[in-house]
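Following UniProt numbering, the numbering of the sequence shown begins with 1 at its first residue and continues without gaps.
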Amino acid sequence: MKFELYKIFRKKIVLIFIGAGLLWISLSILLPALQYKTFTEQMEPLTGIEAIHYDRDLQNQYAGQYTADELAPLYAEYEKIYNNPDYQRSTDEGGYSFSPADRNTSPLTDEAYYKYLNRYGVIASIGNRAKYLPLYIEDAKISGDLTELYMGSIVQSSAEDSLVPPADLENPIVQKVLGMYDDLDTSFYGEYHSGWESFFNTVPLFFQYFVGLIILIGIAPVFSDERHSGSDKVLLATRYGKSKLIRNKIAACFLFATFIFVLFFAFSIFVCIAIYGTSGLNASIQLAAHFYLSPYNLSIGGVLVLWGLLGWGASLVTAAGTLLISAASPNAFMAFIPSLIGYIVPVASFAGLSPTIHRFMQLLPINIIGAVDRLFSMPDFYNVFGVLIEKKIICVIVWAIFIVLCVTFSSYLFRNKKVSN
1 MKFELYKIFR KKIVLIFIGA GLLWISLSIL LPALQYKTFT EQMEPLTGIE AIHYDRDLQN
61 QYAGQYTADE LAPLYAEYEK IYNNPDYQRS TDEGGYSFSP ADRNTSPLTD EAYYKYLNRY
121 GVIASIGNRA KYLPLYIEDA KISGDLTELY MGSIVQSSAE DSLVPPADLE NPIVQKVLGM
181 YDDLDTSFYG EYHSGWESFF NTVPLFFQYF VGLIILIGIA PVFSDERHSG SDKVLLATRY
241 GKSKLIRNKI AACFLFATFI FVLFFAFSIF VCIAIYGTSG LNASIQLAAH FYLSPYNLSI
301 GGVLVLWGLL GWGASLVTAA GTLLISAASP NAFMAFIPSL IGYIVPVASF AGLSPTIHRF
361 MQLLPINIIG AVDRLFSMPD FYNVFGVLIE KKIICVIVWA IFIVLCVTFS SYLFRNKKVS
421 N
C-alpha cells in the first residue's frame, strides 16, 4: 500500500496543487486580517493583527452566557449609546450617512462608535439574536410559512422557492422544523468571533472546488494508468494481482483522500487560530451571520468538528466514485473528465427542473464538502417512505451504500475487464 500511495504523491501535478492550495488558504485568511482596521477608545488607529487582538480583548470583557435578567441591563446600555441623538452621524441630502471607518456599520460617528459602542460588540450580538430570533419563530408558528427560515440556507435563490414546504401548520416538515426551536437555548454564549465569520466566508468555497479537484487528479490514474501502460497484464497475472494488489490500491485511494481533506481542514483552522486565537469557538452559532436563524444548540467549534466529519465523508465518496470510473477507463484522461463532470454538475440548482432531482443532488459531495452554511443554518428533512429523516443522516446512509458499491464494482471491473493489448 505504501508503494501505491507513493505512486499517487510522486505526480508533480498533485504536489503543485497541494502547494497552491496551502498558499490559497493562507492568503484567504491572512489578507483580510492584515486589512483589518480599528481605533482604540482613545482614538488611536490600529491595523492588522494588532487591531484584531485589541478588539478581541476589548469585546471579550463581556464574553460569556447570560440569563435574560443578566443581559437586560447590558443590552439596555448598548441601546442607550446606539440611540443617543448626540452620537448620530449627519446625513446627506438623500438621508444617508456613511462612515469611512471599516468596522463602523452603525449610524454613530466614528468617535462615538469606537469610544463607547465598540466594547459592546459581544453584547450586541447576543442581545440582537435573543431579541429578534423569537420573533421569526413566532411568525412562523402563526403562519406555518418557513420561507424566511429557509431563505439563505436551504433556499439560495428565488429559483429554489419550490423547496419551501407549503405554509401549513399541519405539514409534518413544518411541524418538525418548528418543533426544533422548542429545545433551542436562547441564552446564547457570546465571544468575539470575527475571525470565524471571515473563515466561513472564504474557506468552505475552497473545499468545495479545490479539495475535490485534488482528489480527482490523484485518484483518476490509479487503475486507468495500469491499463494504459499495459502493466495490468503483468499485475493481474501475479499471485496477488487480483486480490491484495487491488485492495492496496483501493486503500491507498481512501488514505489519499483522507490525507488531503485532513491536511487542508487542519491547516485552515490552524492559520485562523494563529491569527485570531481560539476566541469564538465557544460562541453559539446563532451569533455568526451564516447561522443566525439556526435551531441547533451548537457552538462554532462544534460546527467545525461536525463539518469536518461530513467533509471527510464527502471526500471518501469522491474518491470512491473516481475509483470506479478509473477502473472502467482506458487512460487517466478518460477517467478524469467524467469524474470531474460528475463532481461539478451537482453544484448547479435543479430546483426549477425538479425539486426531487435537486434534493438528490444536494446529497452529493460537492454540495456537502463546502456547504457548512446549508448544513447547520437550517435542518433539511427528507420524506423517506413517510418517515422524515434529516439530510445529514441521509447523507451518511447513502454515502456508505455508495462507497461499498463503488469499491465492489471497481475491484470487479479491473479484475475481470479484458487486459490491454
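Ideal Cβ placement from N, Cα and C applies to all residues, glycine included.
Computed from a predicted structure; not experimentally measured.
- Item | Continuous alpha helix (DSSP H) stretch holding T38: start and end | First-last for T38: K37 to F39, but that is the beta strand (DSSP E), not the alpha helix (DSSP H).
- C-alpha distance - V345 paired with T318, whole-angstrom precision: 13 Å
- According to the neighbour-count rule (16 or more other Cβ atoms, all chains shown, within 10 Å of its Cβ), is F256 buried or exposed? buried
- Message: Do I52 and I357 count as a contact pair if the criterion is CB distance below 8 Å?
- Response: no
- Query: Taking C-alpha atoms, which residue in K176, A33 and L34 lies nearest to M378?
  - Reply: K176
- Item | One or two residues paired with P45 in a DSSP bridge | F39
- Query: Do Q42 and G121 have their C-beta atoms closer together than 8 Å?
  - Reply: no
- Cβ atoms of L287 and F376: under 8 Å apart, would you say? no
- Spatial neighbours of G212 in its chain, beta-carbon cut-off 7 Å, leaving aside the 5 residues before and after: T318, Y343, P365, I366 and I369
- Coil, strand or helix - I52 by DSSP: helix
- Item | For Y296 and V155, the rounded distance between their alpha carbons | 18 Å
- P45, buried or exposed, once every other Cβ within 10 Å from all chains shown has been counted against 16: exposed
- Message: Three or more C-beta pairs under 8 Å: does that hold for the region 376 to 395 against the region 164 to 184?
- Response: yes
- Query: Could you give the distance in angstroms between the alpha-carbon of S279 and the alpha-carbon of P85?
  - Reply: 33 Å
- Hey, how far is the Cα of G19 from the Cα of F259? 14 Å
- Query: Looking at C-alpha atoms only, which residue of R374, T408, D183 and R10 is the closest neighbour of L205?
  - Reply: R374
- Query: Can you tell me whether DSSP reads L108 as helix, strand or coil?
  - Reply: strand
- Item | Best match in L135, I8, L71 and Y113 for proximity to Q88 [C-alpha to C-alpha] | Y113
- Limits of the unbroken alpha helix (DSSP H) element including N201: S194 to F206
- Counting only the same chain and skipping the five closest in sequence on each side, list residues whose C-beta sits under 7 Å from that of L281. S299, I300 and G301
- Message: Taking its Cβ as the centre, do 16 or more other Cβ atoms sit within 10 Å of Y6, making it buried, or is it exposed?
- Response: exposed
- Query: If we ignore side chains and look at the alpha-carbon of each, how far apart do L30 and H193 end up?
  - Reply: 16 Å
- Item | Separation of F188 from S125, as counted between CA atoms | 9 Å
- What residue ranges within the region 111 to 199 form continuous alpha helix (DSSP H) runs of no fewer than 4 residues, ordered along the chain? 121 to 143, 147 to 150 and 172 to 180
- Query: What is the residue span of the alpha helix (DSSP H) that F350 lies within?
  - Reply: Premise fails: F350 is in no alpha helix (DSSP H) and is neither H nor E.
- Item | CB contact flag (A327, F210, <8 Å) | no
- Task: In angstroms with no decimal places, state the Cα-to-Cα distance between K12 and S28.
- Result: 24 Å
- So what does Q65 bridge to, in DSSP terms? Y189
- Message: My assumption, with CB atoms under 8 Å, is that T322 sits in contact with I219. Please give the rounded CB distance.
- Response: 4 Å
- Task: Determine the DSSP secondary structure at Q362, reduced to helix, strand or coil.
- Result: coil
- Report the rounded CA-to-CA distance for S411 versus A167, giving the unit in angstroms. 49 Å
- 8 Å contact criterion, which A371 and E191 should meet: CB distance rounded: Going by Cβ atoms, the distance from A371 to E191 rounds to 25 Å, so no, they are not a contact pair.
- Straight-line gap, G241 to I337 (C-alpha atoms, nearest Å): Confidence at G241 is low in this model, with a pLDDT of 49, below 50, so its placement is unreliable and the value that follows should be read with caution. Straight-line Cα distance between these residues: approximately 27 Å.
- Where does F381 fall in DSSP's three states? strand
- Pick from K115, E138, L15 and R129: whose alpha carbon is nearest that of L71? R129
- Distance between L117 and E111 (C-alpha atoms, nearest Å): 10 Å
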